[in-house]
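For reference, the structure is listed below as structure tokens.
Residue numbers (UniProt numbering): 1 to 234.
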């Protein structure tokens, strides 16, 4: 973080700028950690992925829920497994609509702080409703309830993101992109890992470097009046 950070500076976007800029480094740090954890991850996941009728739900609250919306279709197509995205708010308010006790479940919970009441409740409800339930929380806060509960659970594997992804700025930036890339790396390691993703990180770093100082506006003041973001699929 900038050494000259002050509470007043936060209002000008200092935290947000730093969190945008450190994303490429955070991605590689997390994917390198996943490479190192690969054996333990495989020991946890491979028996689950061999189960017939396994359901894999990607869940989160608010911005974290968007991760599942973005990557579930690609993961389902790439792996041939039954991935779906369901916000924690829906799981908590209507659990029987999504939690089928007849099918084994892997619940992947995305949560920056790991303390969202609905995220913690979604895990508890999944354990109550589904006899064969497993958890892969992906979170940015080692002190959060989601992570702490998982490391003390026999049916969970907790995946912690680099500490700097526990964003302090107004919007989730490095937290959402790092959790997203990390989940893809978990289930598609031959396609997404610390080596193959380095080109993406380097290209993004070059773009961020070219933008210069954010304090005067990334896109200048004229003639821009609005921004349209375009994307396709995941």
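All residues carry an ideal CB built from backbone N, CA and C; glycine is no exception.
The Cβ-Cβ distance between residue 185 and residue 31 falls below 7 Å. Look at residue 187 here: in three-state DSSP terms it is helix. Put simply, the backbone Cα of residue 25 is about 15 Å away from that of residue 180. Only buried fits residue 110, as 16 or more other CB atoms lie within 10 angstroms of its CB. Going by beta carbons, residue 173 and residue 70 fall outside the 7 Å limit.
In this structure, DSSP gives residue 173 a state outside helix and strand, which the three-state scheme calls coil. The closest CA to that of residue 163, considering only 183, 78 and 140, is found on 140. When DSSP reads this structure, residue 106 sits in a beta bridge with 56 and 134. Check the Cα spacing between residue 146 and each of 116, 168, 45 and 227: the tightest is with 116.
CA-CA distance, residue 76 to residue 231, rounds to 19 Å. Apart from sequence neighbours up to five positions away, the residues of its chain that approach residue 23 with a beta-carbon distance below 6 Å are 174 and 177, ordered along the chain. In this model, residue 170 and residue 59 are separated by some 22 Å (Cα to Cα). The criterion of a C-beta distance shorter than 7 Å is not satisfied by residue 49 and residue 134. As computed with DSSP, residue 84 is found in a beta bridge with 57.
CA-CA distance, residue 226 to residue 165, rounds to 28 Å. By the criterion of at least three beta-carbon pairs nearer than 8 Å, the region 31–42 is not in contact with the region 87–98. Here residue 38 is actually not in contact with residue 137; their C-beta atoms are around 18 Å apart, not less than 8 Å.
DSSP places residue 230 in no alpha helix (DSSP H); its state is neither H nor E.
In the three-state reduction of the DSSP assignment, residue 111 falls in the strand class, which pools E and B. Across the structure, residue 52 and residue 100 are spaced so that their CA atoms are roughly 14 Å apart. One thing to note: residue 119 has its Cβ no nearer than 7 Å to the Cβ of residue 72. Exposure of residue 213 is indicated by the presence of fewer than 16 other C-beta atoms within 10 angstroms of its C-beta. Under the 10 Å beta carbon count, residue 211 is surrounded by fewer than 16 other beta carbons and is classified as exposed. If you draw a 10 Å sphere on the C-beta of residue 46, you find fewer than 16 other C-beta atoms in it, and that means exposed.
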